[in-house]
Every structure is written in C-alpha cells, then in structure tokens.
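Residue numbers (the numbering used here), protein chains in the order written: chain A, 2 to 676; chain B, -18 to 294; chain C, 43 to 263.
Here is the structure we will look at, set down as structure tokens.
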C-alpha cells in the first residue's frame, strides 16, 4: 500500500513534468500539469498520514531502485510529517495553478513553469526521505535550483533577476555550510547512512559538535530566512508566481526547520543548553524584527514574505525551548517545545499558503501588489475576501483557528521554564514570552492593515473598482487551505498526540502521545494548563446564534437603512479621504523609530503669487534598511574586491585557461602522490 | 450540574452588572469633579433606547460591518463564562485559561478595528490604527503578568491561580504579586480605553481612539458594542480583583458562600471603580506618543514581578 | 526561618522594590522638578528601610543613621536642587540620548542582569534581607544609566544621587549598616561631591546659558 502510494507520487510528478515539457499551454496542458502535481501531492499526503498513523518507518532498499548511485531513502515519522506539509500546500497550490497560470500564456514560458513546479514538489517530497548525506545534499541542491527557476518566471519584471541572484547566492552559501557540516558528521564519507552518523555523532569531540551546530544553524537558517540571513526572502518570494510563493513560503523554508530538527535532535541527539539558547534567541529576534518590517510594507506579497520570517522565528522559539529543556533532561517539556514548533510549522504552511494564494487572486484581479491602490475588494471578490480573512485571523493567532493553538503551545512550553534548575538560563524564558506576545500583537495589527486596506472601504484605484472574482480552480485551492486552517485549529487533540508519536525516540524523547490528550481539551504536561479550542469554537458559534435570537425574542428594532458615512458635514466621500496603509502604520513607525530610523522628505510647491495657496505637496518617507547597509554592505564590498583580484587571472585566451587546468591537475596529482 | 448553572448565572450577572459599573464610574467621576452627574442607571436606559432605534449603515460598508457587533459581543460574553467572578474552580476552567481570555478579547478588538476601517472614513481608520497600536504594545505586559501569576500558581488556569492565592495569603503582599498587580492595572487602563490613554467621554475627533472606531455604528449595533465595552471593563476589574485578591470567591457551592461571593465581587468592583474615577479626575490624557512610554513602565513592572518571583525561589 | 524573619524578609524586599521603582520612575519623567520629587520619595523610603533594618536587626545605631539620612537626602539636597533649578531655570530633559521607552526597558534588563550577577552571593547568604540585594545593585546600575544618558547637568546630578542611594541600600541590606563613623564619612563625601557639582552646574550655565552638557564639546574648539 505504502509502496504503491510512493510510486504513484513519483510517477504523477514525473508525468506532470513530462506533460509540461510536451505542451504546457492551453487548458488541457495546464490541466495535465496541475493534475500531475495535485495527484502527486495528494499521494504524498496520504503516504505521510499512513506512516504517522502506523508508526512504522518505510525503508527503500536503494540498491534495487537505483544501483551504484548511493541513493538511500527512508521515510520515518519526522519525514512523514514534513511530507504531509508538502502534500497539503502542494496540492492546494497545484489546483490553484490551473487557473492562475492561464494569464501567463504567451507572456512567459509555461513549459518551464510546469516542469520546474513538478520537479520542485518531487525534490521536496524526496528530501524528507533522504537517508544519507549524499542523497540529502543532491536533493537539497535540486530543490534550490528548481526554486530558482520558478522565482525567475516573470524575468522581465523589475527586481526579479536581482531577487534571483540574491536567492541563489544566499542559498549556496548555506549549501556550502551544509556540505561542511555533513563532512564533519560523517567522517568525510558522504554515503554513510544517517543511522551510523547518529552513532558517530556521539563520539565527536565537543568542539566539533559545536562547529556542526553552528554550520547547521547557518546552512539551514539561510534556507529558512532567519534574521540576519533573511534579506533574500522578501525579495524572492514576492516576485515568483503566487502559487509558487505559497509553496516557497509555506514549504521550502520549512525544509530548514526539518534539517535543524533532523540534525540537532535526531542525528546529534541534542546538545548543551547554549545551543537551545542561540536557537531561541535567533527565533525571538527573527519573530520580532520580521513582524516589525512587515508592518512597514505596503506591497502585499512582500508583507507576507516578512511574516514568513516572523513565523519561522516563532517556530524556532518553540524548537529552541525544546533544545534547552532537552539539555536539562526535562524530556516531557522538551517534547512540548518541539511539538509546538512542529505544530506551528504545519499551521504556518497552511495559513501562509492560503494568504499567498489570496494575494495572488488580488494580484490577478487588480494587476498590482501595492495595497495603496486596492480597497473595497470584499464586495467584488467575496470568496477571496472570506478566505483571506480566515488566513488573517489564523496568522494573528486569534482563537479558535490554528495559529492560536500552536502559539498557545509555544507559550506553555516557555512557561515551563520555571522548571529549569539554573535561574540564569530560566530567565531567558520570560523575555521570550514578552517578545512572543509583542510579536503576536503586532501581527494582529499588521493583518488589520493588510485585510482592512486591501478588502474594505472604497476602491482606491480604477483597477480595484473593476476587480473580478477568481475562477473556481483558484477558489478551490484557497478553500482547501482555509479548511485546513479551521481543521488544524479545531482538532489539536488529534494533531498533538500524532506529533508526540512523530517525535518519540528522536534524541531520546519519550513517546508523549498519551500525555497531552484528554478528550477534547489540550492539557500541558504536569497538568499545567488546559484549553479546548473545539469547545471554544462551539461556544462562540452558539453565542453567535443565541445573541440574535434573544434580540429577536425581546423584539429589538430590526429596521435598517443605508446612507452616507458621517463626515463632519463634508459634501461627498472619495477614496482619497480614506486612511492609507502608510497612515495606519504611522503610530507604530513612530513608536519604533529607533529601529526604523525613518527618513523624511517634504517638499511643498506654493502658488507663485501667494504662499497661502499650495499647489502640491510631496511627502516621502523611507525606513533605513539596516541589514543591507551594515551587514551586507561590507560583505559585498569585500566580494567585489576579491573578484577584482581574481579578474587579473582572466585574460580571455583559451590557451591560458587550458594552461591553468593543466597546472592545477599536475598539482593535485603531486599532492595525491605524497599525501 | 450546579456548576454549570452557576456558570450561566455568573455570565448573566456580569451582563446585568456591566452597564451599572460604567454608570457608577461616571457618577463618581462627576461627583469628584463637583458636578451632580447622571444617575448610574442611565446607561441601562441608553442601551434600551439604542436597541429601539433604527440602524443606519454606511453605503461603503460590507457584511463584515454588520457581523462585527455580534462577534464582539459574543466573544466578550464567552470570556465571562471563563473568568471566575464568584466561584472557583468552575467547570469551564478546563475549556480555557488566562491566555485564551486575553486572546478572545483581542479577537474582538481585531474585528472592531476592521469594522472601523470598513466605512472608509478617516476617523474609523484613525481609531483602528491607534487601537491596534495600543493593543499590540500592551500585549507583552499582559503575557508577562500571566507568566508571573502562572509561575506562582503552577498553572495558567484561572481557577488554579485563585485557589493558589487563597491557600497562601502571604504571597499576596510579595513584591512579585504587587508589581504584577500594578502592571496589569496600567494595562487595564489602556485596554478598556480609560484615561490617561483614551478618554471615554470625548467626542473630539482627534483625541478619540475607541469612540472613533465605532463612530459609524448606531442603533442595536452600537448597543451591542457599548455593552461589550462595559463587559470588558467588568472583566478586567474582576480579573484584577480575583487574581490578586481572591478573598470572598466561593470555593464551595453553598448558598451562603455564593451570596458572600456576590457581595464581595460587587464591593471589589465598586472599590476599583472608585479608584479609576479618582484617577480620571486627577490625570490628564497623555499624548498618544507618550502612551508607549506608559506601557513601557508597565512592562518593566511586569518584568520585575516575574524576575522576583522567578529568581528568588 | 522563623516567623519574625519571614516578615522581615518580605518587608525588606518590598521596601527595596519600592526604592528601585522610584529610581525607575525617574526615567519616565522629563521635568527636573519631577526628578527631584522622585529622588525625595526614594530617599524617604530608604530612610524607612534604615529604621526597618534597625528594628529587626536590633541595631539602634541605624536609627541615628536614618535621621541623618533623612535630613540630608530628603530635606537638604532636594531643597538645594530646587534652589539651583530656580537659578538656572527649569529646563526640561526633553531629548535624552536614549528615548524614554527604550530607557525604561533597558533599566528592566539592567535589573535582570543585577539578579544574575548577584545570584552567587544571594545563594550563599543567610540574611533575611538577601532578597533586596539584587535590587540594590540594580538601582546602582539604573543610577549610572541615568547619568550616562541624560543631557542636562542637573538630571545627571540626580542620577549620581540615585546611584549613591543604591550604594547606601546595598550597605544597609548587606551588612546591616557599616560602622557609624564610616557611614558619616560617606555622607560627608556625598555632600561635598554634590556641592562641587553644584559649582560646575553654575559655571556651565554661566558659560553656555544652558545646562545642556552636550554643549561642552564646544570647549574643544
């Protein structure tokens, strides 16, 4: 059964890619491409669920599948969980792509888009099954390169190529770190299986274990977009086609999380407390700065991209707390930390996927990503608006949707910090609690802005006025993820024990699937707290029905009429009187001015005859991009400097290049002879 | 069974008391300022009047605008089922903890801010923007206060916190407890829109926060929102009273204990109402951009509360 | 720990927290008057702490110290400060180097650091007053922070005085007061230091028409 699903998954992806290669155009071509991807991801989803439910890992004897290549695949609980994440978002994005990519016909290469989309999904699905370093690295590179091509789809738009270059550079810097890490871990033998690496890791000296940790944090962090390695993320994710953005933000960056958990917890078996502290610190900084920069964005997709940085931060807070507890041997709490991180991973995948698809629909309808030109879309695109609202409530961590449940778990694991014996370490926890709370508050503010300015009030441009609802396939893709958001929010009593089982045994974590479940409530360990989102949702629904009913019984006046908005006696209302996104974020920009360092430019044109009549006012305000300036500026300068040195070697003559090759070959042979 | 009955009657009592509490604070304030003031029960008449009026809806508004009053009211009412007003622990203690209470209230704020943006007027946008700013920067203080309480009680469940403080009355004068109380008190002023953060009686456009958001509401919608705001005040008052000084809360469900608890609750609400009225008479409204500084004060208080209960174990 | 000590410990920590809170309240205010006021209240509570420790620690000398402390810090120095302020004009601390919200949060972090730093001492100490030690160290940090980040010479003076209060609190909580004669010497030092600073403030004001210390860098040219 599992093997069949596995083969269906692989062949569907390959067929999808093949169909795209033959002809990606036309409804049939697009349909085949989407169908391949959708069936493939659905099969992956089913496979993941089956493996988690059965609790037995699935192993493939590599020799029979692909002899002599050193490929080794094995799907255990952790991999299966991430396979579910891939399948969920992949399936929704694939269905959505059918409608969305129609607009690309004749403008961009649908063939390339279809092939790369299917291959990316294939690479992602196999990534989580890799069972030795070589397989892992090859698939990692395949994932990075296919994603690169997808980012470049709209290659003639401004900023796309630049974003692609940044992405490629950062991801390869990370890749180099990962190669070094695996070389250290496997004793320079990349085909060593993970099982023997696990045994070998315990024998490494503390020094090299620390180096492995730092390399892993850098390599996987660059993929996940942790601050300060995040600069490529808000560039690359927005310029990709929207269903690809959903996949990039929902799934691809999660591979960094997968890698961190796999290496730090599974292969290394945990480490000293400061590892967890560093991960927690990086997470807290990423969460807070991510949301603060998102608040200042008025490009809808860039805003969402910054929120990905934020949510990766929240995930890492959970995982960091888990690592800290693990180092003190508080295994149940450690499991809670990891569970909260992983739970937030799948939650973020579903709501961020949903939001990116929603933003894609808005882009599809209005042709712009600039929020200041939107407005009033809730009347023209009611379904998209509803789905986007579900996503907004979920990402703002409001009950009863899924974002709240996982943040509640993160909070609970941090509150468990009072069990840590050394207060110097324990004190990290309340600080993280404060930062996490601020982050979620700011996220709520940010999504009031994102939803309110985009969908509510009066249209701010002609395009927004003539917006149209998306085709059914796009709505279906969004609906799938919206349902996932609701279901994941209402059923934590299923998800949390499943995650407990997934984590059981990794790094000596106990099987906690019994600890957390108690009929409909979530109960944190040691009976620390309990909460039931299911009952809360039911209660809210009940009250939402009861209140109007009571009002009906008491015969409250039910008449209503429509009229103008009240406006201090002004004659008419235009969209220029509305609050803008910039204005909405202004108080927070002033509160956090020390971080943003906004620059202000105000130029007023007066009437030539009298300065009491103003002809035009121009106001410009920008925030200082710190990281680009302080961190990457010197780095880029250094790279240019080195590059100019290297350029001296370049003469353009083929003979010289051949000579170089010959000399290097000789030197290598000589070294090999005497070493 | 008695527990559930008590739970429902507690919510109904909160519904009934809340407008009176708002009226009471207003009345005291007027008295302290040397005015005669409207009677405390005027608020009930206002609500009845509003429920009897026709609703006028802006032509720019969408379904969200009409849905929001119900959601705000329901989510606030749901909170009254979770907070131990007169007895602890209640059967719904298992359904939600202190974090859920905070986030349910934030859910109401979220939708109210969206509804403020919906009619497309500048006032609504201004109110929404300010409200969300304040709500966001008040959040860390709330979370840290919860942390402080939870570390002391070993739980974030409200019933357990109440029981813990009742069992160890000495802890009530510990610095952690007092600092936490002070921190949450400041946040309460911000969250319920009282002076010095927001002026509940202003209708001067540029200084309003909460009022600006709800400017477009009328009739029964406004009634629901005002009632929810009153409930919110009652919830914060009783959280402050019963988390930090839970004496009087019924731990057994005998008629005597419950009636004592009701009287104690009304007395505590009255005392806090008087304090707020006094403060509102003494203090001027802060400039909007000094509010973050005030909230930073509360944050530091909460941080000190947590560290002292955390590091001096 | 007996009942007597338990009450003592609770009260000492509470008092120390109050003293620290006045130090932090300083950071929130802008006008020099408010600074003086906060300092005055802080000193008042601190002299109460002397009495408290004297009562529970059975050391009557501390009563005498409390009186000295009260006279010097609650009456004399605030009075002097007010006079100075009248003479140089009541300038406001409107633009400190670090804005107010950040200063407040920084002070919170400083106190946290104080907790961590004093942890080893507090752990081995058997004093009922040990709960206040981190707070005293925290107050010293806050005082230093005020002197570093405030622009006006007078607010800096208050910062220095707060720092000195922190040291006094550390002394009274940590050792139940050092011998009277040394304590008196310290008081005298503070008074002298204060007077010297006062002369400086006069001169700065005379030269620049302002007590903004920023302008001192003009002396370079």
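Just so you know, even glycine gets a beta-carbon here, dropped at the ideal spot from N, CA and C.
Using the rule of at least 16 other Cβ atoms within 10 Å of the residue's Cβ for burial, across every protein chain shown, is residue i buried or exposed?
i             : result
residue 179/A : buried
residue 610/A : exposed
residue 569/A : exposed
residue 56/B  : buried
residue 616/A : exposed
residue 189/B : buried
residue 268/B : exposed
residue 22/B  : exposed
residue 38/B  : buried
residue 158/A : exposed
residue -3/B  : exposed
residue 40/A  : buried
residue 645/A : exposed
residue 160/C : buried
Going by the beta-carbon positions, is the gap between residue i and residue j smaller than 8 Å?
i             : j             : result
residue 18/B  : residue 8/B   : yes
residue 541/A : residue 401/A : yes
residue 330/A : residue 355/A : no
residue 489/A : residue 343/A : no
residue 36/B  : residue 219/B : no
residue 625/A : residue 580/A : no
residue 295/A : residue 308/A : yes
residue 688/A : residue 11/B  : A query on residue 688/A cannot be resolved here, the shown segment of chain A reaching from 2 to 676 and no further.
residue 263/B : residue 533/A : no
residue 255/A : residue 346/A : yes
residue 171/C : residue 233/C : no
residue 96/C  : residue 108/C : yes
residue 66/C  : residue 274/B : no
Going along chain B, which residues have a C-beta under 9 Å from residue i?
i             : result
residue 147/C : 277, 280, 281 and 284
residue 65/C  : Here the premise fails: no neighbours, minimum Cβ distance about 11 Å.
residue 85/C  : Here the premise fails: no neighbours, minimum Cβ distance about 20 Å.
residue 216/C : Result: empty, since nearest Cβ-Cβ is about 16 Å, beyond 9 Å.
Using DSSP's beta-bridge definition, name the partner residues of residue i.
i             : result
residue 620/A : 603/A
residue 131/A : 74/A
residue 1/A   : It is not possible to answer for residue 1/A, since the shown part of chain A is limited to 2 through 676.
residue 325/A : Per DSSP, none; premise fails for residue 325/A.
residue 60/A  : 75/A
residue 85/A  : Bridge partners of residue 85/A: none, in fact.
residue 561/A : 36/B
Run through chain C and tell me which residues come within less than 9 Å of residue i, C-beta to C-beta.
i             : result
residue 424/A : 157, 158 and 161
Give a single yes or no on whether residue i has its beta carbon closer than 7 Å to a heavy atom of the ligand ADP.
i             : result
residue 500/A : This structure does not include the ligand ADP; it has no bound ligands of any sort.
Who are the neighbours of residue i on chain A, taking C-beta pairs under 9 Å?
i            : result
residue 36/B : 558, 559, 560, 561 and 562
Quick one: list the residues of chain C neighbouring residue i, beta-carbon separation under 8 Å, in chain order.
i             : result
residue 595/A : 141 and 144
residue 288/B : 153, 154 and 157
Residue i versus chain A: which residues are under 8 Å apart at the beta carbon?
i            : result
residue 51/B : 545, 548 and 549
Residues of chain C with CB closer than 7 Å to the CB of residue i, please, in chain order.
i             : result
residue 429/A : Correct list: empty, because the minimum Cβ distance to chain C is about 10 Å.
residue 155/B : 52
If the cut is a Cβ gap below 7 Å, which residues of chain B does residue i touch?
i             : result
residue 434/A : 124, 125 and 128
residue 419/A : 132 and 291
Give the residues of chain A in contact with residue i, contact being defined as C-beta atoms less than 7 Å apart.
i             : result
residue 154/C : 428
Residue i touches chain B at which residues, Cβ-Cβ below 8 Å?
i            : result
residue 55/C : 155, 156, 289 and 293
Exercise. Is the region 412 to 429 of chain A touching the region 317 to 330 of chain A, taking contact as three or more C-beta pairs under 8 Å?
Worked result: yes
For this session: Would you be able to state if there are at least three C-beta pairs under 8 Å between the region 102 to 121 of chain A and the region 5 to 25 of chain A?
Result: yes
Problem set entry | Stretch-stretch touch, CB-based, cutoff 8 Å, three pairs: the region 32 to 41 of chain A with the region 92 to 104 of chain A | With a cut-off of 8 Å, the region 92 to 104 of chain A and the region 32 to 41 of chain A count as touching, because enough Cβ pairs lie within range.
Exercise. So, do the region 479 to 497 of chain A and the region 376 to 388 of chain A have three or more beta carbon pairs nearer to each other than 8 Å?
Worked result: yes
Exercise. Does the region 197 to 209 of chain B touch the region 245 to 263 of chain B, meaning 3 or more C-beta pairs lie closer than 8 Å?
Worked result: Per the Cβ contact rule, the region 245 to 263 of chain B is not in contact with the region 197 to 209 of chain B (fewer than 3 Cβ pairs under 8 Å).
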